[in-house]
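Below is one structure; the comments refer to it alone.
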Ligand SMILES: Cc1cc2nc3c(=O)[nH]c(=O)nc-3n(C[C@H](O)[C@H](O)[C@H](O)COP(=O)(O)OP(=O)(O)OC[C@H]3O[C@@H](n4cnc5c(N)ncnc54)[C@H](O)[C@@H]3O)c2cc1C
Ligand SMILES: Nc1ncnc2c1ncn2[C@@H]1O[C@H](COP(=O)(O)O)[C@@H](O)[C@H]1O
């Protein structure tokens, strides 16, 4: 089975998020990066499907030069090859533009299955996979917790709200947006890291894709949210804070 | 021209978020001087549509077809595409539910548009509407402008106070889309729940909830002891359950349990919206987090900014002391 996995590089969860002077995005000089968490799970699912059924896992990532590092990580974990759509520094593309660019690269691969994460940790659109399916004329399912290929089709378990689930059968090719936790993640082995160095990475500049389209949306301004709630902030060293809090829990909240 | 709110139901029961999306649509309608209309999709939409007609709208579309039940993204997209093409709303507003996440991006793409997803507020900047949405799981906000019409936006749970019933009833208009069974590839089965849960966090009066800040499985006894000292149930954010450090049934949030204890003590949890929707009914929220900008503090009544590895053991000691009366 040929599987494409869309992997995005995002600012690391514990990065300090400082704003750029023009207020349109972050000051990149402070950021470290990592693989978007649900994408790591999408990759894991793809690798396990390949181990079971044979085939190929191809990683596609749209990002700046920097994204090469995340692509290497995916290869080190076991992906067979990668396509790096190298964009400029504009990291606030809307989901439609992102999906259009990714679709250009995926089209020529004719995969049977395309896995994406369900949501990016930075922009958080939760849309790219669904739009990809529309652009590629595939079926799709979102928030997927189990994947079971069947003859020419795939059965998936979708997560619904409030602890409900649903099984859905889809014809191939299909796009699945994978939820975190679908499988246990593997680590890259030393051997894997070594092997990754010789795996093929095709780099395509987005400007060479012959794509032009107006952005569907534009970010005007990024800022820290205003705090609405009256919060009592307890301060001091750990022991003092613990003492204050225990008192509050007894006399104000009355739970001890 | 109108603002069109898409209301969501499952098996004849409203998704509450529908009326929050409607409230957002009403605010937008007012800002733009446009009438607000609503739509509901079902194989039998009549009763729901006449209920919706009392919620301060100009008109309700009852979009009806046998192929709309059960829900599939193909059928919903095709039906709404037809309604939108024939009525040309300026704005289409959805609740940001799991179902909307499943089809609205596809629908918007049919119009060469992107959905502005998970909107928490709208601003009127001299007649130009800006949509406020969260970035980085709530750590930052962004003002977003939409190019062209129609604009598609989905509204985050809890961001708007739900629209209320009025004593006026709007007209219901039936809309019958042309749907083709051959174009519906996905074959859904009936929704189900996993085997009986062994804990009911919904009934717990005190909850200690742990997040990724705990770092390793080996550190879990820290919070277990705190919970024990408090006589609390232990709960967690998603990554803890994904890692198998606690069973799934102890996950709080949009895809886990909804809780409303007397006190919810969040330890090392950032406060992403998918977590907050599961616990914001708590009477008192206490949060321990080393990042003073963590979104969890926006919902907290008591905030402790600091290292949980120092604070939690000290707190457990203090609670034991208070309990034993010294
Ligand atoms: C469709 C969908 C459904 C989801 N459903 C759920 C759900 O039901 N429930 C849920 O919880 N999530 C859910 N999520 C995931 C959610 O978006 C967040 O990713 C998740 O809640 C983050 O968990 P966390 O706060 O534990 O981890 P993080 O976001 O990584 O936060 C860890 C926090 O710990 C703090 N910290 C780190 N070290 C320390 C220390 N030493 N002392 C004190 N504090 C420290 C950090 O400052 C940080 O704030 C869902 C996501 C999607 C897209
Ligand atoms: N720049 C990108 N490169 C590769 N994949 C992406 C990119 N942006 C989004 N995706 C994929 O689409 C998913 C959803 O992203 P989003 O729609 O931004 O929430 C991610 O989890 C990725 O799998």
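Chains as they are written, first to last, in the working numbering: chain A, 11 to 266; chain B, 742 to 1067.
Where a beta carbon is used, it is the ideal one built from N, C-alpha and C, also for glycine.
A quick note: this is a predicted structure, and the numbers were derived from the prediction, not measured.
Q | Proximity to residue 848 of chain B [Cα-Cα], best of B:818, B:868 and B:838 | A | B:818
Q) Just to confirm, does residue 223 of chain A get its C-beta within under 7 Å of one of the non-hydrogen atoms of ligand 2? A) no
Q) Start and end of the beta strand (DSSP E) containing residue 49 of chain A? A) Note, residue 49 of chain A: premise wrong, no beta strand (DSSP E); alpha helix (DSSP H) at 47 to 63.
**Q.** Cα-Cα separation, residue 14 of chain A to residue 119 of chain A
**A.** 8 Å
Q) If you compare alpha carbons, which of B:799, B:902, B:876 and B:853 is closest to residue 836 of chain B? A) B:902
Q: Using a cut-off of 8 Å between C-beta atoms, extract the partners of residue 885 of chain B located in chain A.
A: 227, 228, 229 and 230
Q: Would you please verify whether the beta carbon of residue 877 of chain B is less than 8 Å from any beta carbon of chain A?
A: yes
Q) Counting pairs of beta carbons, one from the segment 978 to 988 of chain B and one from the segment 1036 to 1044 of chain B, are three or more of them closer than 8 Å? A) no
Q. Between residue 178 of chain A and chain B, is there a C-beta pair that is closer than 8 Å?
A. yes
Q: Verify the CB distance criterion: does residue 127 of chain A have a CB-CB separation below 8 Å to chain B?
A: no
**Q.** Residues bridged to residue 882 of chain B [DSSP beta-bridge criterion]
**A.** A:233 and B:875
Q: Measure the CB-CB distance between residue 1045 of chain B and residue 259 of chain A and report whether it falls below 8 Å.
A: no
Q: Give me the Cα-Cα distance between residue 1060 of chain B and residue 266 of chain A, rounded to the nearest whole angstrom.
A: 8 Å
Q: Would you kindly check if the distance between the Cβ of residue 189 of chain A and the Cβ of residue 169 of chain A is under 8 Å?
A: yes
Q. Taking a cut of 7 Å between CB atoms, which residues from the segment 106 to 140 of chain A lie near chain B?
A. 106, 131, 132, 133, 134, 135, 136, 137 and 140
(Q) Just to confirm the assignment, what range does the alpha helix (DSSP H) spanning residue 1058 of chain B have? (A) 1049 to 1064
(Q) Nearest by alpha-carbon distance to residue 1043 of chain B: which of A:247, A:246 and A:242 is it? (A) A:242
**Q.** Any non-hydrogen atom of ligand 1 within 7 Å of residue 954 of chain B CB
**A.** yes
Q: Counting only the same chain and skipping the five closest in sequence on each side, list residues whose C-beta sits under 6 Å from that of residue 995 of chain B.
A: 1015 and 1018
Q: Take the Cβ of residue 788 of chain B as the centre, count every other Cβ of all protein chains shown within 10 Å, and call the residue buried at 16 or more, exposed below.
A: exposed
Q: Determine the burial state of residue 907 of chain B: buried for a count of at least 16 other Cβ atoms within 10 Å of its Cβ, exposed for fewer.
A: exposed
Q) Tell me which same chain residues have a C-beta within less than 6 Å of the C-beta of residue 167 of chain A, skipping the five on either side of it? A) 155, 156, 175 and 177
Q) What do you reckon, are the CB atoms on residue 123 of chain A and residue 183 of chain A nearer than 8 Å? A) yes
**Q.** Beta-carbon contacts of residue 41 of chain A that lie in its chain and below 6 Å, excluding the five residues immediately before and after
**A.** 21 and 25
Q | Top-ranked residue by Cα proximity to residue 868 of chain B, from B:856, B:875 and B:887 | A | B:887
Q. What does residue 160 of chain A reach in chain B if we use C-beta pairs closer than 8 Å?
A. Those within 8 Å of residue 160 of chain A in chain B number zero; the least Cβ separation is about 11 Å.
**Q.** Where residue 1004 of chain B falls, given that 16 or more other Cβ within 10 Å makes a residue buried
**A.** buried
Q | Contact with chain B by residue 44 of chain A, beta-carbon distance below 8 Å | A | no
Q | residue 776 of chain B to residue 1013 of chain B span [Cα, whole Å] | A | 34 Å
Q: Give a yes or no on whether the minimum CB-CB distance between residue 960 of chain B and chain A is below 8 Å.
A: no
Q) With a CB to CB cut of under 7 Å and the five nearest residues on each side skipped, what residues in its chain are close to residue 203 of chain A? A) 86
Q | Delimiting residues of the beta strand (DSSP E) encompassing residue 150 of chain A | A | 149 to 160
Q: Could you pull the start and end residues of the beta strand (DSSP E) that residue 862 of chain B belongs to?
A: 857 to 866
**Q.** Contacts around residue 80 of chain A, its chain only, beta-carbon distance under 6 Å, and the 5 residues preceding and following it disregarded
**A.** 19 and 45
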